[in-house]
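Asks: In this text, residue positions in the sequence shown follow this note's numbering: the first is 910, and each later residue adds one.
Heads up, the beta-carbon is just placed ideally off N, CA and C, and yes, glycines get one too.
Keep in mind it's a predicted model, so treat the numbers as computed, not measured.
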Amino acid sequence: MAVRLRLMRMGKKKQPTYRVVAADARSPRDGRFIEIVGTYAPRSEPSEISIDSARAVHWLRQGAQPSDRVKKLLELSGAWADFTSGKTPEVIAAAKAKADEAAKLAAEGASA
């Protein structure tokens, strides 16, 4: 099954809001989807973008292809940078904790 991250139109007539969803590429635009990854409200000022970065990165690592607009939204939200860095959020947090601990030990060693 070819999975795609794309926009699903919601809202009233002339007042669209969108869900960012993971869906089978063959399903209709507003049809069946696998998971809701985020939302996008283009008519609010400024536009509201809410994306679950962990789930978006998960689907991208599984091979999901983002549509052009979703790729831009992922770049704005920072999820695309997380994906292209090649590291998982857990690895990034562990590296930061290790660096903080090393700095703390260095500070204690310098004061002693």
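Within 10 angstroms of its Cβ, does D977 collect 16 or more other Cβ (buried), or is it exposed?
Replies: exposed
Asks: Since I believe R964 is in contact with V946 (beta carbons under 8 Å), could you give me their beta-carbon distance rounded to a whole number of angstroms?
Replies: The pair is a contact, with the Cβ atoms about 5 Å apart (cut-off 8 Å).
Asks: In chain order, what residues of the same chain lie with their CB nearer than 8 Å to the CB of L1014, ignoring the 5 residues before and after it?
Replies: Cβ neighbours of L1014 within its own chain (closer than 8 Å, five residues either side excluded): none.
Asks: What residue from L985, V930, S962 has the CA that sits closest to R955's CA?
Replies: It should be noted that the sequence gives Pro, not Arg, for residue 955. Of the listed residues, the one whose Cα sits closest to P955 is L985.
Asks: Can you tell me the Cα-Cα spacing of F992 and K981, whole angstroms?
Replies: Rounded to the nearest whole angstrom, the CA to CA distance from F992 to K981 is 13 Å.
Asks: So A932 packs on R913, CB below 8 Å; how close in whole Å?
Replies: 6 Å
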